[in-house]
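Residue numbering for the sequence shown follows this note's numbering, starting at 951 and increasing by one per position. Note that beta-carbon positions come from the ideal geometry of N, C-alpha and C, so glycine has one too. Just so we're clear, the structure is a prediction, and the values are computed from it rather than from any experiment. Below: one structure, written as structure tokens.
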Amino acid sequence: VQAKAKKSYNAFLYYTNSDWSCKNQSDWIANTSVKNKKGKKRYTVTLKRSDCIGESIANKAKEGPVSDHEEISVYIQDIIKDHAEKNLKVSNIVVKCDGKKVKIKQSKVKKYVQKSEDGSKSYVLMLYYVYGSQSAKAKAFKWSDKISVSFDLNIKK
């Protein structure tokens, strides 16, 4: 017996800056609902500075240095359960910092499936990761009020 497909999926903006003074690793912040429907639709996730969680100095000291770990990714949770990766096409990705569009190379955005500890799988759009291939220079992603990522998702099957 196959489980019934979900009606929608949660997409959220995963963000950490280099000193972890602003991070979002919560799927209920900077999120949007992605419809489980064939065809192409545009989505946007936005993180406000006021929703960022910062690490305490004591916690940073315990964990060791965290500099040079900056990441901007979009996670679409559980979509892989109902759709094969080959049937998902993401295009027209736009990043805005405080309303200003940041130039990114679409071909440099890494798209992959990530399996969580609980066995669930997310489809990930990694826009920037300081240790990996960069889609834009770090300075381009500086923001004080909000950062948003918009993208078109085409579900083929």
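Runs of beta strand (DSSP E) with 3 or more residues, each lying fully within the stretch 1058-1103, are found at 1060-1065 and 1071-1079, listed in chain order. Take the alpha-carbon of I1030 and the one of K1065: they are about 10 Å apart. Following the DSSP letters along the chain, one finds K998 inside the beta strand (DSSP E) bounded by residues G989 to K998. Secondary-structure assignment with DSSP links E1021 through a beta bridge to T966 and Y1079. Take V995, set aside five residues on each side of it, and the residues of its chain with a beta-carbon closer than 7 Å to its own are A961, F962, L963, A980, N981, T982, V1024, S1098 and V1099, in chain order. As computed with DSSP, S983 is found in a beta bridge with N960. In this structure, the alpha-carbon of I1022 lies about 23 Å from that of K1036. Taking each of V1074, V1063 and D1048 in turn and checking the Cα distance to F1091, the smallest one comes out for D1048. In this model, C1002 and S968 are separated by some 13 Å (Cα to Cα).
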